[in-house]
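The block underneath contains the structure these notes are about, expressed in structure tokens.
This is the structure we're talking about:
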């Protein structure tokens with residue numbers, strides 16, 4: 028299924044590389060050794076999770092159905108205008124970030140508000156409906172950043188586990 | 028917008044009365060004075076919330092788009108089969124229950140698992156796709172039950188607020 | 028840290044075996060080949076996750092602090108009485124189930140409502156405060172059940188992946 | 028209970044005024060007519076919600092118990108160091124923002140990451156443990172901002188409801 032998700036993402040102008048750039052922006056100040064390759068790997072791992080694939084497929088399908096008039100008019104109108112009180116796009120985003128624990132929510136909210144990189148490009152694009160797309164991208168990047176943080180901590184712990192406290 | 032949501036629900040065989048019966052089933056053992064009228068009122072209040080309306084519209088629209096072939100094939104197939112690992116229906120359900128705090132999640136999970144009343148009817152129906160519909164109904168009922176619990180407690184507190192502890 | 032979590036759980040009368048029995052109760056009707064060993068393994072894996080450990084430590088610490096009078100009186104009173112509108116125990120429970128996607132919420136709500144097995148034992152015990160303990164146990168069992176469901180599906184897919192649909 | 032919550036907050040250097048300043052910072056660019064009085068009212072309404080009070084009490088009690096050594100050592104250590112992978116503070120924060128729908132998560136994540144105003148003051152303070160305090164403040168501000176957005180939209184809709192689409 029991952030191939031189909033990546034293909035659909037690419038048809039909606041979403042690339043793994045641009046998501047990895049957001050991960051780098053989120054995490055580079057905490058991890059001076061961070062490379063783009065590590066960010067690409069993390070995004071790839073996140074996109075391998077079934078729950079992430081389900082959320083991405085569902086969100087992009089809603090953007091496309093809104094474009095094509097395949098939704099009840101009242102909903103199509105809300106999604107096409109990216110109505111500010113419509114929160115189902117954030118709901119799908121959090122379903123993605125939650126998989127790597129709740130620390131991802133910070134990065135998600137930050138990207139969703141500052142709209143840097145691909146999140147802003149999608150938000151501003153007038154060529155297609157991106158109401159879900161920008162939140163999905165922010166959430167994948169935030170989940171990948173959370174995954175990197177978990178991994179970095181694990182290595183650190185392996186080195187100094189004897190120093191940890193005890194009950 | 029509420030009228031449009033109620034109309035769409037009724038086209039999908041979902042009535043406020045049948046949801047109120049679920050609320051009664053969830054709460055009657057805790058509140059001996061509970062009436063169907065109170066349950067109907069609570070469901071009506073829940074359906075007046077914009078976030079609930081957004082979740083209901085989105086979920087029912089996905090069921091309908093899956094029926095009509097208006098989704099990418101891989102997603103339409105998942106939704107039509109009500110694939111057991113697809114969790115976006117539960118995600119929308121929790122977006123509804125969360126509005127009345129987290130106590131609603133218990134009732135939601137219970138209805139989703141036991142499939143009593145309208146939840147079971149929708150789950151078993153072969154006439155239409157109800158992958159989202161049964162979870163939305165369970166979530167609305169659970170949210171209305173949580174609302175009733177909050178209201179009952181408030182009255183109780185008004186009577187005995189002088190007995191409460193203090194920091 | 029896992030050892031410390033297991034030790035603390037055991038001091039609060041929570042054993043991996045009793046949680047595994049709940050997993051078996053949740054999943055045996057869907058998977059006829061399910062064994063207690065598989066359930067034990069799944070619980071063990073869930074308890075190996077750092078986010079789960081954090082939630083368990085925090086919840087049990089709150090139960091203990093409420094017992095020992097180490098909380099502001101207004102909060103200690105709420106937790107000691109297991110006040111029905113206090114939802115932070117459910118909040119921690121959902122933080123656990125979310126790690127295996129949202130399908131776990133159903134099992135969590137079901138166990139929390141029906142209170143079978145260890146969940147009921149903890150809920151009824153008058154020897155210690157278990158306001159968080161019963162929800163944590165229900166959530167760990169539901170997360171382990173979700174993990175088993177994901178694993179079972181993966182094997183199934185390996186066998187018939189050529190039959191899957193495509194975009 | 029609200030009075031006790033406000034008193035506890037003030038003992039932890041958290042004031043309604045400083046939270047209202049964060050609300051103003053989040054929302055002033057969208058609503059040119061926004062005043063500090065409206066922000067103060069919104070914070071006050073958020074703090075009147077029982078679920079918010081429960082989350083605030085629980086989080087501040089954990090900060091205080093960590094300070095006073097009233098937690099299992101492994102947890103006290105994590106909370107005192109504000110260990111970056113500990114996500115229960117974000118979990119409580121989201122329990123607050125969810126009450127006004129999911130649009131609040133954006134503001135929460137943004138404040139949690141940028142640490143402006145009181146969020147940053149609490150995060151940097153070395154006089155007390157504020158692992159939960161900064162997230163609670165960010166969440167209350169984000170919830171109040173979401174409440175204002177809902178209210179603003181309602182007025183707007185009253186004026187132009189005849190322009191809305193229909194199913």
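Protein chains in written order, with this note's numbering: chain A, 28 to 194; chain B, 28 to 194; chain C, 28 to 194; chain D, 28 to 194.
Each residue gets a CB set at the ideal place from its N, CA and C atoms; glycine is no exception.
Since this is a predicted model, take the numbers as computed values, not measurements.
- Pairing residue 36 of chain C with residue 51 of chain C gives a Cβ-Cβ distance that is not under 8 Å.
- Of all residues in the region 45 to 79 of chain D, those with a C-beta nearer than 8 Å to a C-beta of chain B are 77 and 78, reading in chain order.
- The C-beta distance from residue 92 of chain C to residue 92 of chain D rounds to 5 Å, short enough to fall under 8 Å.
- Pairing residue 175 of chain A with residue 54 of chain A gives a Cβ-Cβ distance under 8 Å.
- Shortest Cα-Cα distance from residue 106 of chain A to any of A:45, A:28 and A:162 involves A:162.
- Per DSSP, residue 112 of chain C is not a residue of any alpha helix (DSSP H), being assigned neither H nor E.
- Listed by position along chain D, the residues whose Cβ is nearer than 7 Å to that of residue 35 of chain C are 99.
- In the DSSP assignment, residue 159 of chain B falls outside any alpha helix (DSSP H) and carries neither an H nor an E.
- For residue 68 of chain D, the uninterrupted alpha helix (DSSP H) segment begins and ends at 63 to 74.
- Contact between residue 86 of chain C and residue 159 of chain C holds, with the beta-carbon distance rounding to 3 Å and staying under 8 Å.
- Straight through space, the alpha carbons of residue 131 of chain C and residue 117 of chain B are spaced by roughly 9 Å.
- The region 135 to 155 of chain B makes no contact with the region 69 to 88 of chain B, as fewer than three CB pairs between them are under 8 Å.
- DSSP, read as helix, strand or coil, puts residue 107 of chain A in helix.
- Contact with chain C is found for residue 129 of chain A, since one of that chain's Cβ atoms lies less than 8 Å from the residue's Cβ.
- Only residues of its own chain outside the window of five on either side were considered, and among them 124, 127, 128, 130, 131 and 134 have a CB closer than 8 Å to the CB of residue 173 of chain A, listed in chain order.
- Within the region 146 to 172 of chain D, no residue has its Cβ closer than 9 Å to any Cβ of chain B.
- No Cβ-Cβ contact shorter than 8 Å links residue 59 of chain B with residue 88 of chain A.
- For residue 81 of chain D, no Cβ of chain A is located within less than 8 Å of the residue's own Cβ.
- For residue 94 of chain B, no CB of chain C lies under 8 Å from its own CB, so it is not counted at the interface with that chain.
- Neighbourhood of residue 126 of chain A in chain C, by CB distance below 8 Å: 125, 126 and 128, in chain order.
- Cβ-Cβ distances below 6 Å link residue 149 of chain B to 157, 160 and 161 in the same chain, with the five nearest sequence neighbours on each side left out; the list follows chain order.
- In the three-state DSSP reduction, residue 129 of chain A falls in the coil class, being neither helix nor strand.
- Contact with chain A is found for residue 88 of chain B, since one of that chain's Cβ atoms lies less than 8 Å from the residue's Cβ.
- Taking all protein chains shown into account, residue 38 of chain C has fewer than 16 neighbouring C-beta atoms within 10 Å of its C-beta and is therefore exposed.
- Residue 78 of chain D: member of the alpha helix (DSSP H) spanning 77 to 95, first to last residue.
- With respect to the C-alpha of residue 112 of chain B, the residue from C:30, C:44 and C:177 having the closest C-alpha is C:177.
- With a 10 Å radius around the Cβ and a threshold of 16 neighbouring Cβ atoms, residue 30 of chain B comes out exposed.
- Check the Cα spacing between residue 48 of chain A and each of A:66, A:104 and A:32: the tightest is with A:66.
- Membership of residue 98 of chain C in any alpha helix (DSSP H) is not indicated, and neither H nor E is assigned to it by DSSP.
- Chain-order list of chain C residues neighbouring residue 122 of chain A: 125, 128 and 129, by C-beta distance under 9 Å.
- If you draw a straight line from the Cα of residue 166 of chain A to the Cα of residue 142 of chain C, it comes to about 35 Å.
- Contact between residue 168 of chain D and residue 46 of chain D holds, with the beta-carbon distance rounding to 5 Å and staying under 8 Å.
- When Cβ-Cβ separations below 8 Å define contact, residue 43 of chain D makes no contact with chain A.
- With contacts defined as CB atoms closer than 8 Å, residue 61 of chain B and residue 32 of chain B fail to qualify as a contacting pair.
- Nearest neighbour of residue 145 of chain A by Cα position, chosen from A:109, A:44 and A:120, turns out to be A:44.
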